[in-house]
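Residue numbers 5 to 164, in this note's numbering, belong to the letters of the sequence shown in order. A virtual CB, placed ideally from N, CA and C, is assigned to each residue, including glycine.
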Amino acid sequence: MSGRSTWFSVEAGSRLRACCRTVVVAVLVAAGACGDATGPKGPSPNDPAAGAFKMLSVNTQPLPFNIFNATGYRLDFAASTLALQTDGKYLMTQTTTETVAGFASTYLDTLSGTWTQVAGILSLRAQDSTTTTATWDGRDIQLTMNSEGQTLRTVFRKAP
Numbered sequence: 005m006s007g008r009s010t011w012f013s014v015e016a017g018s019r020l021r022a023c024c025r026t027v028v029v030a031v032l033v034a035a036g037a038c039g040d041a042t043g044p045k046g047p048s049p050n051d052p053a054a055g056a057f058k059m060l061s062v063n064t065q066p067l068p069f070n071i072f073n074a075t076g077y078r079l080d081f082a083a084s085t086l087a088l089q090t091d092g093k094y095l096m097t098q099t100t101t102e103t104v105a106g107f108a109s110t111y112l113d114t115l116s117g118t119w120t121q122v123a124g125i126l127s128l129r130a131q132d133s134t135t136t137t138a139t140w141d142g143r144d145i146q147l148t149m150n151s152e153g154q155t156l157r158t159v160f161r162k163a164p
């Protein structure tokens, strides 16, 4: 009877291991099915644009960016931020450095207004009713501004 009991234990153990392997495989397959087979999604123009942004570049050049330079006078774009609020309002700050005869002064200007989004197109309407259109790719806003008679193509990156 002890031989039979041993045989039963070995057979039962073998069936139990086979059953456990089947359960483990089933769990792994189910877990794989729950995940996204394409991997994590990247940013999309359909993502909400609301958030805080920092200017990265002007005309593909990093900041600070020289806007105007003449003998004894220089004007540089030092920094800019853009906050798109969920209530449809925006606030943009711009820091410029003006150097006259070797003496630098820093200025902080603010612009505010309202904004709307239709997929990857943003429309920013300033308080003076001027409207600027920008593009949004889910990570960056590309916005064209005019300053000192020149066109400035700016890129703002969303803060993480």
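Item: Runs of beta strand (DSSP E) wholly within the segment 111-143 (minimum 3 residues, chain order); Value: 125-130, 135-140
Item: Whole alpha helix (DSSP H) elements within the segment 69-93, 4-residue minimum; Value: none
Item: Element boundaries [beta strand (DSSP E), containing L67]; Value: No beta strand (DSSP E) holds L67; DSSP gives it neither H nor E.
Item: Local conformation of A54 per DSSP, three classes; Value: coil
Item: In DSSP terms, what A108 is bridged to; Value: T103
Item: Per-residue DSSP class, three states only, for S48; Value: coil
Item: Assigned exposure category for G117 - 16 Cβ within 10 Å defines buried; Value: buried
Item: Collapsed DSSP secondary structure at N2 in the structure displayed; Value: Residue numbering for the chain in the displayed model covers 5 to 164; residue 2 lies beyond these limits and cannot be assessed.
Item: Spatial distance of Q121 from S109 (CA atoms); Value: 36 angstroms
Item: For T85 and Y97, the rounded distance between their alpha carbons; Value: This sequence places Thr at residue 97; Tyr is not what is there. About 5 angstroms.
Item: Own chain residues within Cβ distance below 6 angstroms of L60, not counting five before or after; Value: V159, R161
Item: Residues near A130 by beta carbon distance below 8 angstroms, same chain, minus five either side; Value: L115, S116, G117, T136
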